[in-house]
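S.K.: Sharing a structure with you now.
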Amino acid sequence: METREIDKIIARYNADPQEIMAMFMEIQDKEGYLPKSALSYLADKLHLRLAQLYRLATFYEAFNLKPQGDHQIHVCMGTACHVRGAPQVLDKLQQTLGITAGEVSSDGSFGLKTVNCLGACALGPVVVIDGEYCGHSSPLKMEKILKKYKKHT
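The numbering used here numbers the first residue of the sequence shown as -19 and each following residue consecutively.
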């Protein structure tokens, strides 16, 4: 991300350090994660220590410090989803993508994460791909859905 883009974000929030979370969100929306260069520049411009920004960015699961893949996959591992087969769905995704939860595929196409609850227990097991909820997921259903995404990548 270029510094002039970060300057625009800072200006939108009147360089108020209390708005750092909103600034993080904007940077991550544009970049897909919070690059170290952006955090360093932000710290310098707001007269904060880089360590302070890292502490905030790592405390909240919403922020990522590494690229996350073109398509984000979140597998709910909450109780309702777990007892309905979420572990098998996760296993199939890991096997198909060749990664484990928390990793990004080697081509950068897919990022895979587990979450504690997505709040859609009646649809379990639930998988969210790029913000789209896939309820009543199964290993076979995931295989078909991934093929669709791979065609568009």
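Even glycine gets a Cβ: it sits at the ideal position worked out from N, Cα and C.
Just to confirm, are Thr94 and Ala102 a CB contact at a threshold of 8 Å?
M.R.: For this step, residue 94 is matched to residue 114 along the sequence shown. For this step, residue 102 is matched to residue 122 along the sequence shown. No; because the gap between Cβ atoms is not below 8 Å, this pair is not in contact.
S.K.: Per DSSP, what are the beta-bridge partners of Leu92 in this structure?
M.R.: In the sequence shown, the residue the question calls residue 92 occupies position 112. Beta-bridge pairing links Leu92 to Ile53.
S.K.: Roughly how many whole angstroms lie between the Cα atoms of Glu112 and Tyr(-7)?
M.R.: Counting from one through the sequence shown, the residue named residue 112 turns up at place 132. Counting from one through the sequence shown, the residue named residue -7 turns up at place 13. Rounded to the nearest angstrom, the two C-alpha atoms are 30 Å apart.
S.K.: When DSSP builds the beta bridges, which residues end up paired with Cys114?
M.R.: Within the sequence shown, numbered from 1, the residue matching residue 114 stands at position 134. DSSP output for Cys114 lists Val107 as bridge partner(s).
S.K.: Is Gln74 near Phe43, with beta carbons less than 8 Å apart?
M.R.: One-based indexing of the sequence shown puts residue 74 at position 94. One-based indexing of the sequence shown puts residue 43 at position 63. No, these two residues do not count as a Cβ contact at 8 Å.
S.K.: Counting Cβ pairs closer than 8 Å, one from the segment -13 to 5 and one from the segment 19 to 33, do we hit at least three?
M.R.: With a cut-off of 8 Å, the segment 19 to 33 and the segment -13 to 5 count as touching, because enough Cβ pairs lie within range.
S.K.: Could you tell me the distance, in whole angstroms, from the CA atom of Tyr13 to the CA atom of Ser85?
M.R.: If you number the sequence shown from 1, residue 13 lands on position 33. If you number the sequence shown from 1, residue 85 lands on position 105. Each residue's alpha carbon lies about 16 Å from the other.
S.K.: Check each candidate in Thr76, Leu92 and Leu70 and name the one with the smallest Cα separation from Pro47.
M.R.: Position 67 of the sequence shown, counted from the first residue, corresponds to residue 47. Minimum Cα distance to Pro47 is reached at Leu92.
S.K.: Cα separation between Pro105 and Ala60?
M.R.: Taking the sequence shown and counting its residues from 1, one reaches residue 105 at position 125. Taking the sequence shown and counting its residues from 1, one reaches residue 60 at position 80. If you take the alpha carbons of Pro105 and Ala60, they lie about 7 Å apart.
S.K.: Which partner residues of Val84 appear in the DSSP bridge assignment?
M.R.: Taking the first residue of the sequence shown as 1, we reach residue 84 at position 104. According to DSSP, which records beta bridges pairwise, Val84 is partnered with Gly91.
S.K.: Alpha carbon to alpha carbon, how far is Arg35 from Ala(-5)? Give it in angstroms, no decimals.
M.R.: Counted from its first residue, the sequence shown places residue -5 at position 15. Counted from its first residue, the sequence shown places residue 35 at position 55. When rounded, the distance between both Cα atoms is 19 Å.
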